[in-house]
Amino acid sequence: MKARLTYQEVMAYIQEQEKEKEKQRLAKNQQKIAGISEKVQEIRNTKIRQSKYMRYREARAYYCLGMNTIQRLAKEAGATIRIGRIVMIDTEILNKYIDSFRDA
1 MKARLTYQEV MAYIQEQEKE KEKQRLAKNQ QKIAGISEKV QEIRNTKIRQ SKYMRYREAR
61 AYYCLGMNTI QRLAKEAGAT IRIGRIVMID TEILNKYIDS FRDA
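Following UniProt numbering, the numbering of the sequence shown begins with 1 at its first residue and continues without gaps.
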């Protein structure tokens, strides 16, 4: 014969499940926060120098744009220079290209 659960037992089970889901959600959020913190620290550690040439990471921090956007704009502008495995961006060319989007 099956034992019936009381209302309190059912509610306790539901609350336990909700607490477990909340713990999982908090753990996920903490992982996201840790990832964001790492990215912020990476940007802070990037030495931004104004020079004729910048690497993607420096340009990303200097222009406050995402990596994909910087790569796309630099390629569209013809501002990329490849030296072996290193890609440098000619900032003068990129600045002129970005200025071309300015409203009159």
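By construction, the Cβ of each residue, glycine as well, lies at the ideal position given by its N, Cα and C atoms. Small disclaimer: the values here were computed from a predicted structure and weren't measured.
{"Check": "Once DSSP output is grouped into helix, strand and coil, what is the label at G80?", "Outcome": "Reading off the sequence, residue 80 comes out as Thr, not Gly. Strand at T80."}
{"Check": "DSSP three-state label for R102, please.", "Outcome": "coil"}
{"Check": "With a threshold of 8 Å on Cβ separation, who are the neighbours of residue 105 within its own chain once the five nearest residues in sequence on each side are excluded?", "Outcome": "Here the chain covers residues 1 to 104 and nothing more, so residue 105 does not appear."}
{"Check": "Applying the criterion that 16 or more other CB atoms from any shown protein chain within 10 Å of the CB defines a buried residue, is E92 buried or exposed?", "Outcome": "exposed"}
{"Check": "What are the start and end residues of the beta strand (DSSP E) that includes R55?", "Outcome": "53-55"}
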